[in-house]
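*Asks:* Numbering (the numbering used here), first residue to last: 842 to 1190.
To start, I am sharing the structure in question, which I have written as structure tokens.
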Amino acid sequence: AYAKSLCDDVEFSPEDAGRSDPEFLYVVLGEAIKSGATTLNIPDTVGYTTPDEFYKLIDGIIKHTPGMHDGITVSVHCHDDLGMATANTLAGIRAGARQAEVTINGIGERAGNTSLEEVVMALKTRHPVFGLETGIDTKQISRMSKLVSNYTGMVVQPNKAIVGANAFAHEAGIHQDGMLKHQTTYEIMRPEDVGVNQTKLVLGKHSGRHALRNRLAEMGHSLDEVELDKAFARFKELADRKKVITDLDLEALIADEFYKPRDVYLLNGMQVTCGTMGMPTATVRLRGPDGIVHTQAAIGTGPVDATYKAIDGIVKVRCTLLEFNVHAVTEGIDALGEVSVLITSEQAR
């Protein structure tokens, strides 16, 4: 009741509803409605239920909860411990839930939560089955997936539905033949529907500032003059090293230039020496927050260990490396790479 005095919509969520006694749940939810709750969020907290069970649970709540009326929104919140989060969420929606709590790329504790992209595209692709609209611009899904991946350092697995690198790839000969003859034979949705642009050659070293602005605008990036100057300078540097500039190159460039955190220490240079003989050695040059350039060399058990020991010598904060991932974000021998690093210290993570 107090929460209702502060806002129009109060959500009540009974923990572990998926394993709770339904009759008891109806009573608890009825009391929540009497106290002012307008959204009833039903969680499968440990990812235990099956789609049939979750459908019956939501259906029963809608039919048997005291005080249930059209002004009450039933919501679902599913976890993926048994790999059924999306299936359970869709089952809940079919039963009458009209809110789904989801996450981009399915990130979440343990095995994760229901993936936003999977639910949205299931509702869109199978509209005759569900008859529902989300109001979401699906062409932004791929970009948002990459943005979340960049900020969290959690790499999207290649075979991830909708947003994985292989989601629209067809290797089997019979599949490729079918695709060439009729795209819908093996593709139930178009890459463009989720913002995956399959244009290969976009720009080259002789392309101008205006061409870059237009292409970025087509990709959904609106830059002011200062931002465009920075992007064009980075583009020319990249074009001097690569013959072909693809949309993936441009996405990586924009993400690195405009979506990265503010630099505290700036890497001015690094040199690593290693091989089958000798000791791995790294020399690192960092510009500190005071503008002073510091240089440090270190020996380690490998190139990464040596590099971080050199950094430790400059930064003076003892850190532990938890994760180190390197993967290509574009194709070819001159591909751009992306590195995800997770470190921890006594002060922060």
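Each residue gets a CB set at the ideal place from its N, CA and C atoms; glycine is no exception.
Since we're looking at a predicted model, the values are computed, not measured.
1. Do you know offhand how far residue 852's Cα is from residue 1091's?
2. Use the C-beta contact count for residue 1133: other C-beta atoms within 10 angstroms, 16 or more gives buried, fewer gives exposed.
3. Have a look at residue 1053 and residue 898 and give me their C-alpha separation to the nearest angstrom.
4. Alpha carbon to alpha carbon, what distance is there between residue 1089 and residue 1011?
5. Nearest-angstrom Cα distance between residue 1164 and residue 1138?
6. Give the range of the beta strand (DSSP E) segment to which residue 1139 is assigned.
7. How is the alpha helix (DSSP H) around residue 923 delimited, first residue to last?
8. What number of angstroms, rounded off, separates the C-alpha of residue 940 from the C-alpha of residue 953?
9. Find out if the Cβ-Cβ distance for the pair residue 1030, residue 1114 is shorter than 8 Å.
10. Grouping DSSP H, G and I as helix and E and B as strand, with all else coil, what is residue 976?
11. With DSSP as the reference, identify every bridge partner of residue 885, one or two as the case may be.
12. Could you say which of 1058, 981, 1154 and 1145 lies nearest to residue 1034 if we only look at CA atoms?
13. Assuming residue 1184 is part of the beta strand (DSSP E), what are its boundary residues?
14. What are the boundary residues of the beta strand (DSSP E) that residue 970 is part of?
15. State the DSSP-derived secondary structure class of residue 1036, mapped to helix, strand or coil.
16. Hey, out of 1169, 1167, 1148 and 1168, whose CA is closest to residue 1160's CA?
17. Quick check on this structure: which residue in 1099, 1048 and 1055 has the alpha carbon closest to the alpha carbon of residue 1068?
18. For the candidate residues 913, 950, 1048 and 1125, whose alpha-carbon lies nearest to that of residue 926?
19. Would residue 1095 and residue 1072 be called neighbours here (beta carbons separated by less than 8 Å)?
20. Work out the CA separation of residue 892 and residue 1001 for me, nearest whole Å.
21. Identify whether residue 956 lies in helix, strand or coil by the three-state DSSP scheme.
22. Mapping DSSP to helix, strand and coil, what is residue 814?
23. Taking the alpha helix (DSSP H) that residue 985 belongs to, which residues open and close that run?
24. Classify residue 1086 as helix, strand or coil using the three-state DSSP reduction.
25. Is it buried or exposed for residue 918, if we count other Cβ within 10 angstroms and need 16 for buried?
26. Considering only the beta carbon of each residue, do residue 844 and residue 877 sit closer than 8 Å?
27. Would you report the Cα separation of residue 1176 and residue 1078, rounded to the nearest angstrom?
28. Which one of 1062, 1116 and 1135 has the shortest CA to CA distance from residue 1144?
*Replies:* Let's see:
1. Cα atoms of residue 852 and residue 1091: separation of roughly 41 Å, rounded to the nearest angstrom.
2. Residue 1133 is exposed by the Cβ-count criterion.
3. Cα atoms of residue 1053 and residue 898: separation of roughly 53 Å, rounded to the nearest angstrom.
4. No answer about residue 1011 holds up, because its pLDDT of 48 lies below 50 and its placement is not dependable.
5. Taking the straight line from one Cα to the other gives about 22 Å.
6. 1134–1140 is the span of the beta strand (DSSP E), which, as asked, contains residue 1139.
7. Careful: residue 923 lies outside any alpha helix (DSSP H) and carries neither H nor E.
8. Rounded to whole angstroms, residue 940 to residue 953 spans 18 Å at the Cα level.
9. No, they are not a contact pair.
10. Reduced to three states, the DSSP call for residue 976 is coil.
11. The beta-bridge partner set that DSSP reports for residue 885 consists of 919.
12. Here the closest residue by C-alpha is 981.
13. Residue 1184 -> beta strand (DSSP E) spans 1178–1185.
14. Premise fails: residue 970 lies in the alpha helix (DSSP H), 968–971, not in any beta strand (DSSP E).
15. Of the three classes helix, strand and coil, the one that applies to residue 1036 here is coil, per DSSP.
16. Measuring from the Cα of residue 1160, the nearest candidate turns out to be 1148.
17. Closest option to residue 1068, Cα to Cα, is 1099.
18. With distances taken between CA atoms, residue 926 lies nearest to 950 out of 913, 950, 1048 and 1125.
19. Yes, these two residues count as a Cβ contact at 8 Å.
20. Those two C-alpha atoms are separated by around 21 Å.
21. Here residue 956 sits in strand by DSSP.
22. This structure cannot speak to residue 814, because the chain is shown only from 842 to 1190.
23. Segment 982–993, the alpha helix (DSSP H) holding residue 985.
24. Looking at residue 1086 - three-state DSSP - the assignment turns out to be strand.
25. Classification for residue 918: buried.
26. Going by C-beta atoms, residue 844 is nearer than 8 Å to residue 877.
27. So the alpha carbons of these two residues sit roughly 14 Å apart.
28. Comparing Cα-Cα distances from residue 1144 to each of 1062, 1116 and 1135, the minimum goes to 1116.
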